[in-house]
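Okay, so here's the structure we're looking at.
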């Protein structure tokens, strides 16, 4: 809401109707980037120190250690959390309706009500 209404009230800028879409995208990107960064950070920090030491003993440099040893294990550990956040993101698209932007489920509801049959073909 602050991203959409903020520029017009604080800076006295006239905003266009297309700005609604950009405000929704900016707010979701800022919000979920922080969540995803925290999930990845906690996944990387949860790796045991022995993994890094073993890679060092095998002659891997830092980039090889991260890409070939650490990252595959991190992805396995954070997959449930990432999936949960993606589900929350899909559910949170309904918040775009608060600034009168027709989000995904509203449009689907309109399409379904405008057709006489709900069969796909």
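Numbering (UniProt numbering), first residue to last: 1 to 121. Yeah, the Cβ is synthetic: ideal placement off N, Cα and C, and Gly gets one too.
Cβ distance (whole Å) where residue i is taken to contact residue j below 8 Å
i: residue 51; j: residue 70; result: 6 Å
i: residue 32; j: residue 89; result: 6 Å
i: residue 73; j: residue 57; result: Actually they are not in contact, since the Cβ atoms of residue 73 and residue 57 sit about 17 Å apart, beyond 8 Å.
i: residue 96; j: residue 24; result: 4 Å
Unbroken alpha helix (DSSP H) run spanning residue i, endpoints
i: residue 50; result: 49 to 57
i: residue 92; result: 71 to 92
Candidates the options: closest to residue i by CA position
i: residue 40; options: 62, 88, 22 and 66; result: 66
i: residue 79; options: 58, 61 and 44; result: 44
i: residue 86; options: 28, 59 and 53; result: 28
Chain-order list of residues whose beta-carbon lies under 6 Å from that of residue i (same chain, five-residue window excluded)
i: residue 55; result: 65 and 69
Proximal residues to residue i (C-beta, below 8 Å), its chain only, five neighbours per side dropped
i: residue 82; result: 36 and 39
i: residue 60; result: 68 and 69
i: residue 18; result: none
7 Å CB neighbourhood of residue i in its chain, flanking five on each side removed
i: residue 77; result: 43 and 46
Beta carbon proximity, residue i to chain B, threshold 7 Å
i: residue 78; result: In the displayed structure, chain B is absent; only one protein chain is listed.
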